[in-house]
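There are 2 protein chains.
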Amino acid sequence: MSAEQSLDVIRSEFIEKTGLISQAEGLPRIAGRVFGMLIFDGDMVSFSDLATGLQVSRASISTSIRILEERGLVKRMTKPGERQDYFQLAPNPYATMLTGIQKRTLATRSEIADTISKLPANASAADRLAAYADFYASLDSAIKLALDELDAPTTSKSGQHPAASKDLSDDR
Amino acid sequence: MSAEQSLDVIRSEFIEKTGLISQAEGLPRIAGRVFGMLIFDGDMVSFSDLATGLQVSRASISTSIRILEERGLVKRMTKPGERQDYFQLAPNPYATMLTGIQKRTLATRSEIADTISKLPANASAADRLAAYADFYASLDSAIKLALDELDAPTTSKSGQHPAASKDLSDDR
DNA sequence: GTTTCCGTTCAGTCAAGACTGAATAAACTT
DNA sequence: AAGTTTATTCAGTCTTGACTGAACGGAAAC
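So the protein lines, in turn, are chains A and B. To convert, count from 1 in the first sequence and add 4; that's our numbering. To convert, count from 1 in the second sequence and add 4; that's our numbering.
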């Protein structure tokens with residue numbers, strides 16, 4: 005089962021994928037599908053395009069868009085002479101996602117540090133708590149690196165990103 | 005509100021924190037509290053200690069432990085002459101967590117790559133899909149770095165971890 | 001063999017939240 | 001002003017999954 009697939013099938017499979025992926029990241033599934041549709045269809049997708057294209061109520065589109073806007077992943081646009089709202093991906097949505105993750109990581113890291121600071125000096129738990137904090141510390145510095153890698157302006161003339169050609173099979 | 009706090013209060017606040025943190029990471033809250041209790045109380049925490057200490061049903065402890073064991077975060081032990089099971093943190097739980105995250109990241113990365121490979125050469129979506137894939141690529145390499153940082157044996161004689169002394173306020 | 005102690009499984013309850021339809025609001029058209 | 005078109009809000013439904021109590025199974029103690 006393979007060879008050729010119609011672009012429509014590829015497209016809708018991709019949108020379903022992004023729905024599931026985003027769900028795993030903590031977003032509602034529909035918001036993920038909206039995100040996927042914006043990736044695939046590109047600029048200037050209208051509100052009703054989203055509702056009909058994803059076969060979902062306009063109310064769901066409204067709340068999904070709100071969530072995506074709050075997270076800074078999507079930008080709302082208007083066309084002169086048109087009443088509808090149009091949407092597109094925000095400039096660098098992925099860096100924004102990472103920044104959000106970073107914020108959360110930093111918060112939990114400092115909560116742990118807070119507990120450690122309250123601990124009496126002889127507490128036997130201190131070492132294990134420190135290891136727990138270290139985990140979030142290295143997570144934090146890793147995110148920082150990923151951010152650097154991601155929003156490096158990429159001098160090459162195309163919008164091509166640096167990691168695009170990375171070998172996918174080089175795990176560990 | 006401050007000055008001194010009893011160790012018990014500090015402990016239970018910490019356990020509640022880990023419950024919430026783990027919930028944000030996708031684990032059930034009780035599993036997070038079990039994890040927190042193992043961090044704080046250390047080796048050899050018995051099954052019934054967990055149930056009574058966290059004030060939850062033994063059934064909940066059972067499933068939480070199962071989840072934590074499946075993820076490789078917790079080890080089950082027994083004491084000679086005792087019928088009860090005892091638990092402690094697995095050797096390097098945080099590296100294991102990262103490995104799990106890495107696995108998922110890699111999976112979604114290859115799903116996106118799969119879609120890209122099916123795309124006709126002239127597809128306008130190609131660039132945006134590539135950027136999406138790049139995001140997971142840099143996430144992946146960041147995780148790899150965090151792993152290196154984490155399970156570096158740390159030559160210093162104590163179990164102290166390298167990032168322990170990192171300045172918490174150096175964000176970006 | 002019977003009892004006791006533990007852990008697991010399973011059916012059922014409960015709460016959280018995703019999604020919808022209907023009502024509302026706002027802006028433009030006529 | 002009345003009527004369209006479009007987005008948001010809100011009450012209600014439905015699904016998912018966390019958690020519990022009770023039944024079960026197995027292993028040691030008696």
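Backbone N, C-alpha and C define an ideal beta-carbon position, used for all residues, glycine too. Note that the structure is a prediction, hence the values are computed from the model and not measured.
| query | result |
| --- | --- |
| Other residues of its chain near I105/A: CB distance less than 7 Å, five sequence neighbours each side excluded | I147 |
| 4-residue-minimum alpha helix (DSSP H) runs that sit fully inside the segment 33–117 of chain A, ordered along the chain | 33–45, 51–58 and 62–74 |
| Cβ shell of D175/B (< 6 Å), same chain only, five flanking positions each side left out | Low per-residue confidence applies at D175/B: pLDDT is 44, beneath 50, and the placement is therefore not dependable enough to give any value. |
| As assigned by DSSP and simplified to three states, the class of A127/A | coil |
| Nearest-angstrom Cβ-Cβ length linking L123/B and A129/B, presumed shorter than 8 Å | 7 Å |
| The alpha helix (DSSP H) enclosing G30/A, as first and last residue numbers | That residue, G30/A, is in no alpha helix (DSSP H); it is neither H nor E in DSSP. |
| Contact belief for Y140/B with T109/B at Cβ below 8 Å, rounded distance in angstroms | 6 Å |
| For M10/B, three-class secondary structure by DSSP | Met is not the amino acid found at residue 10/B; the sequence shown has Ser there. Correct three-state label for S10/B: coil. |
| Chain B residues whose Cβ lies nearer than 7 Å to that of P124/A | L11 |
| Supposed close pair V151/B, A99/B - CB separation, criterion 8 Å | Position check: residue 151/B holds Leu in this sequence, whereas Val was assumed. L151/B to A99/B, Cβ: 6 Å. Contact. |
| Proximal residues to G76/A (C-beta, below 7 Å), its chain only, five neighbours per side dropped | A94 and T100 |
| Contacts of A150/A in chain B (Cβ-Cβ under 8 Å) | S142, L143, S145 and A146 |
| Distance between beta carbons of L149/A and L149/B, contact taken as under 8 Å | 6 Å |
| Collapsed DSSP secondary structure at D138/A in the structure displayed | helix |
| Cβ separation of R15/B and F44/B, assumed to be a contact under 8 Å, to the nearest whole Å | 5 Å |
| Cβ of L154/A within 7 Å of any chain B Cβ | yes |
| Close beta carbons around I71/A, own chain, < 8 Å, minus the five adjacent residues each side | L31, P32 and A35 |
| Per-residue burial, P84/B [other beta carbons within 10 Å of its own, 16 or more giving buried] | exposed |
| Interface flag, Y90/A vs chain B, CB-CB below 7 Å | no |
| Residue-chain proximity (A129/A, chain B), Cβ-Cβ < 7 Å | yes |
| Closest residue to Q59/B among D89/B, Q88/B and I19/B (Cα-Cα distance) | I19/B |
| Three-state secondary structure (DSSP) of D152/A | helix |
| Interface flag, K83/A vs chain B, CB-CB below 7 Å | no |
| Below-7 Å beta-carbon distance, T67/A vs any chain B residue | no |
| Spatial neighbours of I69/A in its chain, beta-carbon cut-off 7 Å, leaving aside the 5 residues before and after | V38, V78 and F91 |
| Contact set for D47/B: own chain, Cβ-Cβ below 7 Å, skip 5 residues either direction | Q92 |
| Contact set for N96/A: own chain, Cβ-Cβ below 8 Å, skip 5 residues either direction | L154 and D155 |
| Top-ranked residue by Cα proximity to S114/A, from E86/A, D89/A, R132/A and D144/A | D144/A |
| Counted within 10 angstroms of its Cβ, other Cβ atoms place L11/B as buried (16 or more) or exposed | exposed |
| Cα-Cα separation between L54/B and T82/B, rounded to whole angstroms | 15 Å |
| Cα-Cα separation, R62/B to E86/B | 18 Å |
| Contacts of L133/B in chain A (Cβ-Cβ under 8 Å) | F18, I43 and F44 |
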